[in-house]
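One structure is given below, encoded as structure tokens.
Number of protein chains: 2
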Amino acid sequence: MKQRTINLTPEELPREWYNILADIKMNPPLGPDGKPISPEMLAPVFPMNLIEQEVSSERWIKIPEEVLDVLSIWRPTPLIRATRLEEVLGTPARIYLKNESVSPPGSHKPNTAVAQAYYNKVFGIKKLVTETGAGQWGSALAFACSQYGLDCEVYMVRVSFDQKPHRKTVMQTWGGVCYPSPSDRTNAGRAVLEKYPDTPGSLGIAISEAIEIAVSDTTGKTRYSLGSVLNHVMLHQTIIGLETKKQLEKVGDYPDVIIGCAGGGSNFAGLSYPFVYDKIHGKQIEIYPVEPTACPTLTKAPYVYDHGDEAKYTPLLAMHSLGHAFIPPPIHAGGLRYHGIAPTISQLVNDNLITPKSITQLDAFDAGVLVARTEGIIPAPETNHALACVIDEARKAKEEGKEKVILVNFSGHGLLDLGSYEKYFNHELTNFALSDEEILKSEKIYETFPKPELIRSF
Amino acid sequence: MKQRTINLTPEELPREWYNILADIKMNPPLGPDGKPISPEMLAPVFPMNLIEQEVSSERWIKIPEEVLDVLSIWRPTPLIRATRLEEVLGTPARIYLKNESVSPPGSHKPNTAVAQAYYNKVFGIKKLVTETGAGQWGSALAFACSQYGLDCEVYMVRVSFDQKPHRKTVMQTWGGVCYPSPSDRTNAGRAVLEKYPDTPGSLGIAISEAIEIAVSDTTGKTRYSLGSVLNHVMLHQTIIGLETKKQLEKVGDYPDVIIGCAGGGSNFAGLSYPFVYDKIHGKQIEIYPVEPTACPTLTKAPYVYDHGDEAKYTPLLAMHSLGHAFIPPPIHAGGLRYHGIAPTISQLVNDNLITPKSITQLDAFDAGVLVARTEGIIPAPETNHALACVIDEARKAKEEGKEKVILVNFSGHGLLDLGSYEKYFNHELTNFALSDEEILKSEKIYETFPKPELIRSF
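Chains A and B are the protein sequences, given in the same order. Using my numbering, read the first sequence as starting at 1 and increasing by one per residue. Using my numbering, read the second sequence as starting at 459 and increasing by one per residue.
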């Protein structure tokens with residue numbers, strides 16, 4: 001028997017998260033006055049224990065036992081040696097898939113949802129509110145809240161809510177409540193509905209609604225929760241890469257190339273940051289965040305200060321951004337349709353530690369179907385982007401006759417995205433590439449904001 | 459950290475299946491002439507290596523390395539100690555879930571699909587044909603065929619094909635072809651369509667179409683494949699129980715009660731047969747196959763000789779049966795809507811080694827939602843029946859103040875069955891109980907067949 005999976009025992013679960021803020025320099029988030037924000041300014045939105053994590057520069061942060069207890073439902077996750085994919089590609093490369101699709105909600109998202117629900121619970125919070133686009137994040141937070149007895153309220157972009165009724169059912173099964181956004185439950189929602197009663201909604205509006213519900217609860221027992229972008233979210237995801245290191249050690253391997261798809265950036269960061277630490281300390285590794293050509297934040301957009309949401313409720317973050325009002329084309333990888341990206345990822349690009357790539361929708365689905373037929377797991381549309389990059393690298397290794405080790409985050413399964421596979425098989429999917437005019441047009445939005453310094457961490 | 463999951467390493471994968479035919483006596487299958495069939499009579503339908511397994515009475519049968527290689531994509535599967543469910547129920551019982559939902563198709567079905575695809579491949583077969591009701595089995599066989607480079611053709615009951623287009627997409631993603639049944643591709647299908655152009659189809663018709671396609675391929679390179687009922691299918695599933703034994707040994711526990719839902723019976727058999735062996739040798743265990751009240755084969759139907767399919771293509775099998783023309787009410791646990799059950803399970807009931815139970819649809823979904831909210835995994839509607847029985851037993855243990863160990867097969871996840879959860883939350887699900895008249899009516903069908911002997915194995 002060829003050994004396909006490398007497992008860890010529950011005792012081998014990492015006990016600390018890795019915090020990349022200990023090792024790089026960053027531009028601070030700015031408030032409405034253009035000055036760096038203080039932790040207190042975020043207190044109505046997040047609990048103070050998470051705000052402390054957001055600004056911490058401790059390299060190792062202990063994972064609470066109560067968080068490990070819930071994570072151990074599905075963690076440690078398997079590392080799969082993709083031998084059949086290697087055979088079909090005829091590549092000398094060794095390909096490893098870190099399989100985050102085995103969590104109950106089917107993706108890496110609960111790694112941070114569980115931690116956030118725990119810290120809110122400890123802080124005395126009774127209810128979390130969030131937005132969700134395609135529904136993956138809302139499902140993960142509903143799952144996490146069910147584990148700690150918190151209420152969960154999710155504002156889901158109207159068009160997705162209507163197209164994917166099953167996502168609402170998933171949240172409901174875990175006890176969460178899901179409303180289409182814009183709704184008549186908030187000032188923000190009502191204002192939009194009055195102007196555009198037939199609007200399909202947007203992530204920006206949904207964020208506004210979620211924040212408004214959170215901050216307007218006069219009992220002080222409700223907070224908002226975000227599933228990507230922020231430092232503490234990246235921190236919680238590093239358990240992925242820390243497990244992977246132990247697994248590769250067991251088979252005496254180490255990656256030459258690390259790949260993850262990137263929307264807000266959390267699954268990419270989770271796998272790669274513990275290896276970025278090694279790279280800072282001299283290891284030779286190529287590290288590729290992969291985005292869709294339809295939303296080329298890192299590959300085409302400038303490094304600016306911009307808001308994380310359309311309604312400008314969030315502080316200004318120093319990041320690559322297509323502009324906070326940018327509406328990406330309707331690709332099926334809903335999780336990659338974000339105008340900005342995690343500030344830490346933007347800084348790593350500035351530091352030349354990671355190299356962004358982009359992939360078209362059709363190349364992504366070609367890759368996903370090939371991986372499903374060889375390795376057996378149907379990937380999420382987002383994951384397909386990373387897998388297309390893996391296949392490119394494996395083919396390059398073949399051309400060069402190099403025994404490369406390629407590591408990729410298999411961030412989620414596609415069992416709730418089969419409609420997009422159906423369209424692919426029916427030849428109803430198309431590619432979208434963004435013209436430079438469109439990018440230029442979106443740039444104007446942040447022209448009036450302060451400009452971030454181009455910091456080099458080293 | 460409380461340890462929630464008990465994992466095995468890939469090296470601890472069982473290397474042999476347990477064959478219960480070594481330990482019990484059975485009535486033989488009969489041919490059209492009323493005499494026991496010979497292995498050769500099955501040769502046009504199944505490859506000879508699988509027919510040999512079907513009739514073997516060797517207690518331990520070696521699992522080929524090439525089968526272990528594919529099973530190791532997701533096996534060994536986790537055993538979960540359901541501590542949060544125990545807490546919510548306030549029970550002194552220790553509840554263990556054997557989590558078969560982690561396979562790529564989401565259920566236990568690929569345990570036998572992979573083995574069957576392998577043996578067909580070794581025998582020189584190029585294509586497998588099967589039927590599927592709700593789609594779980596067809597998906598598993600398409601997955602297995604993709605792993606060995608076989609073609610796969612699936613006839614899916616028309617009404618399910620229309621209601622669940624995603625199941626077809628799953629099969630297609632793994633390279634399988636799925637047709638609604640009745641189709642115009644077979645004599646059987648065309649005959650039905652001529653008479654009833656608007657028929658919703660039935661499992662009986664789909665089986666007829668699949669067998670017809672298999673046996674009429676003049677190259678001799680096509681065979682039929684069945685996902686439950688037969689001895690070799692039960693055999694392949696015993697890897698579930700064999701793994702579980704090792705896992706329980708690691709924590710020093712042993713089950714007092716073993717529970718699995720039962721349609722054709724394969725997931726129940728897979729978990730319980732290795733423990734039935736212990737019971738034969740003196741262990742005290744209660745073993746419960748759980749069926750829906752809407753299809754009460756073991757709890758209400760007689761032990762008779764009957765066909766496995768409506769079109770009477772199969773041999774006569776000695777089993778409990780509601781009659782091969784019985785159409786069960788439209789419960790959402792499609793995998794449990796079968797008129798008969800595995801002959802080995804029927805014999806174990808006759809031997810008083812196992813005790814059938816039945817559960818209503820609403821009790822099943824109540825249980826599934828409670829388990830989703832405590833243990834985090836959304837169960838398949840079939841699995842919900844087993845979980846309802848677990849909750850009954852855990853409550854009984856509380857009343858009796860007994861520290862029972864309850865073991866259940868968590869046979870599949872519900873991510874492709876969310877429509878039924880939606881109906882549950884919208885109060886659109888109802889219970890179906892079968893009246894004695896309805897059962898009596900269906901009995902008449904097999905009155906003309908030979909009667910099986912009531913054998914006692916001991």
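Beta carbons: idealized from backbone N, C-alpha and C, even for Gly. These numbers were taken from a predicted model, which means no experiment stands behind them.
Residue 505/B touches chain A at which residues, Cβ-Cβ below 7 Å?
Here residue 505/B refers to the residue found at position 47 of the second sequence. Here the premise fails: no neighbours, minimum Cβ distance about 22 Å.
Specify, as a first and last residue, the run of the alpha helix (DSSP H) that residue 847/B falls within.
Here the question's residue 847/B lines up with position 389 in the second sequence. Per DSSP, residue 847/B belongs to the alpha helix (DSSP H) from 839 to 858.
DSSP state of residue 148/A, grouped into three classes?
Stepping through the first sequence from its first residue, residue 148/A is reached at position 148. Helix.
I'd like to know whether the C-beta of residue 580/B is nearer than 9 Å to at least one C-beta of chain A.
Position 122 of the second sequence, counting from 1, holds the residue named residue 580/B. So, not an interface residue.
Around the Cβ of residue 458/A, are there at least 16 other Cβ atoms within 10 angstroms (buried) or fewer (exposed)?
Within the first sequence, residue 458/A is the residue found at index 458, counting from 1. Under this definition residue 458/A is an exposed residue.
Please identify, using Cβ separations under 8 Å, the residues of the region 307 to 337 of chain A that lie next to chain B, in order along the chain.
none
Against chain A, with Cβ distances strictly below 9 Å, would residue 590/B count as a contact?
Start at 1 with the first residue of the second sequence, and residue 590/B comes out as number 132. Residue 590/B does not count as touching chain A.
Any beta strand (DSSP E) of 3 or more consecutive residues that is wholly inside the region 697 to 724 of chain B:
715 to 719
Of all the residues that make up the region 827 to 859 of chain B, which are near chain A by a beta-carbon distance shorter than 9 Å?
827, 830, 831, 832, 833, 834, 835 and 836
What number of angstroms, rounded off, separates the C-alpha of residue 766/B from the C-alpha of residue 798/B?
Position 308 of the second sequence, counted from the start, is the residue given in the question as residue 766/B. Position 340 of the second sequence, counted from the start, is the residue given in the question as residue 798/B. Those two C-alpha atoms are separated by around 7 Å.
Return the bridge partner residues of residue 60/A from the DSSP annotation.
The sequence position of residue 60/A within the first sequence is 60, counting from 1. Per DSSP, 18/A.
Provide the residue span of the beta strand (DSSP E) that contains residue 917/B, from first to last.
The requested residue 917/B does not occur in the structure, where chain B is confined to residues 459 to 916.
Measuring only the C-alpha atoms, how far is residue 118/A from residue 224/A?
One-based indexing of the first sequence puts residue 118/A at position 118. One-based indexing of the first sequence puts residue 224/A at position 224. Each residue's Cα considered, the two are about 14 Å apart.
Below 8 Å on the Cβ atoms is my contact criterion, and I expect residue 529/B with residue 572/B to pass it. Report the Cβ-Cβ distance as a whole number of Å.
One-based indexing of the second sequence puts residue 529/B at position 71. One-based indexing of the second sequence puts residue 572/B at position 114. Contact holds; Cβ gap of about 6 Å.
Residue from 732/B, 657/B and 632/B with nearest C-alpha to residue 638/B
For the purposes of this step, residue 638/B is taken as the residue at position 180 of the second sequence. Comparing Cα positions, the closest option is 657/B.
With a Cβ-Cβ cutoff of 9 Å, do residue 539/B and residue 554/B count as a contact?
Counting from one through the second sequence, the residue named residue 539/B turns up at place 81. Counting from one through the second sequence, the residue named residue 554/B turns up at place 96. In contact: residue 539/B and residue 554/B (Cβ atoms closer than 9 Å).
Secondary structure, beta strand (DSSP E): runs of 3+ residues fully inside the region 591 to 656 of chain B:
609 to 615 and 635 to 639
Note down, in chain order, all residues in the region 464 to 495 of chain B with a beta-carbon under 7 Å from any beta-carbon belonging to chain A.
465, 467 and 468
Looking at residue 21/A: is its Cβ nearer than 9 Å to the Cβ of residue 57/A?
Along the first sequence, one-based indexing puts residue 21/A at 21. Along the first sequence, one-based indexing puts residue 57/A at 57. Contact: yes.
One question on the structure: do residue 321/A and residue 155/A come within less than 9 Å of each other, judged by their Cβ atoms?
For the purposes of this step, residue 321/A is taken as residue 321 along the first sequence, with counting starting at 1. For the purposes of this step, residue 155/A is taken as residue 155 along the first sequence, with counting starting at 1. For residue 321/A and residue 155/A, no; Cβs fall outside 9 Å.
If you drop the 5 nearest sequence neighbours on each side, which residues of the same chain put their C-beta closer than 8 Å to that of residue 108/A?
Against the first sequence, residue 108/A aligns to sequence position 108. Cβ within range, chain order: 100, 237, 240, 266, 267, 270, 409, 411 and 412.
From the DSSP output, read off the bridge partner residues of residue 749/B.
Walking along the second sequence from the start, residue 749/B turns up at place 291. In DSSP, residue 749/B forms a bridge with 816/B.
Against chain A, with Cβ distances strictly below 9 Å, would residue 819/B count as a contact?
Against the second sequence, residue 819/B aligns to sequence position 361. No - not a single Cβ of chain A is within 9 Å of the one on residue 819/B.
Residue 465/A burial status per 10 Å Cβ neighbour count (16 or more: buried)
No answer is possible for residue 465/A: it lies beyond the span of chain A, which begins at 1 and ends at 458.
Excluding five sequence neighbours on each side, which residues of the same chain lie with their C-beta closer than 7 Å to the C-beta of residue 64/A?
As a working mapping, residue 64/A is identified with position 64 in the first sequence. Hits under 7 Å: 118.
Do residue 378/A and residue 372/A have their CB atoms nearer than 9 Å?
Mapped onto the first sequence, residue 378/A falls at position 378. Mapped onto the first sequence, residue 372/A falls at position 372. Cβ distance < 9 Å, so residue 378/A and residue 372/A count as in contact.
What beta strand (DSSP E) runs, 3 residues minimum, are completely inside the region 295 to 348 of chain A?
303 to 307 and 316 to 320
Check whether the region 777 to 795 of chain B and the region 493 to 503 of chain B touch, using three or more Cβ-Cβ pairs below 8 Å as the test.
no
Using alpha carbons as the reference points, say which of 874/B, 672/B, 654/B and 668/B lies closest to residue 791/B.
Residue mapping note: residue 791/B aligns to position 333 of the second sequence, counting from 1. Of the listed residues, the one whose Cα sits closest to residue 791/B is 874/B.
What are the boundary residues of the beta strand (DSSP E) that residue 553/B is part of?
Residue 553/B sits at position 95 when you count from the first residue of the second sequence. Where residue 553/B is concerned, the enclosing beta strand (DSSP E) stretches over 552 to 557.
Could you tell me if residue 762/B is buried or exposed, where buried requires 16 or more neighbouring beta carbons within 10 angstroms of its beta carbon?
For the purposes of this step, residue 762/B is taken as the residue at position 304 of the second sequence. Label assigned to residue 762/B: buried.
Chain B contacts made by the region 132 to 146 of chain A, where a contact means CB separation under 7 Å:
143 and 146
Buried or exposed: residue 620/B, going by 16 or more other Cβ atoms within 10 Å of its Cβ?
Taking the second sequence and counting its residues from 1, one reaches residue 620/B at position 162. Exposed, by the Cβ-count rule.
List the endpoints of the continuous alpha helix (DSSP H) containing residue 434/A.
Within the first sequence, numbered from 1, the residue matching residue 434/A stands at position 434. Premise fails: residue 434/A is in no alpha helix (DSSP H) and is neither H nor E.
What separation, rounded to the nearest whole angstrom, lies between the Cα atoms of residue 700/B and residue 282/A?
Against the second sequence, residue 700/B aligns to sequence position 242. Against the first sequence, residue 282/A aligns to sequence position 282. Cα-Cα distance, rounded: 47 Å.
Compare the beta carbon distance of residue 388/A and residue 290/A with 9 Å and say whether it is the shorter of the two.
In the first sequence, the residue the question calls residue 388/A occupies position 388. In the first sequence, the residue the question calls residue 290/A occupies position 290. Going by C-beta atoms, residue 388/A is nearer than 9 Å to residue 290/A.
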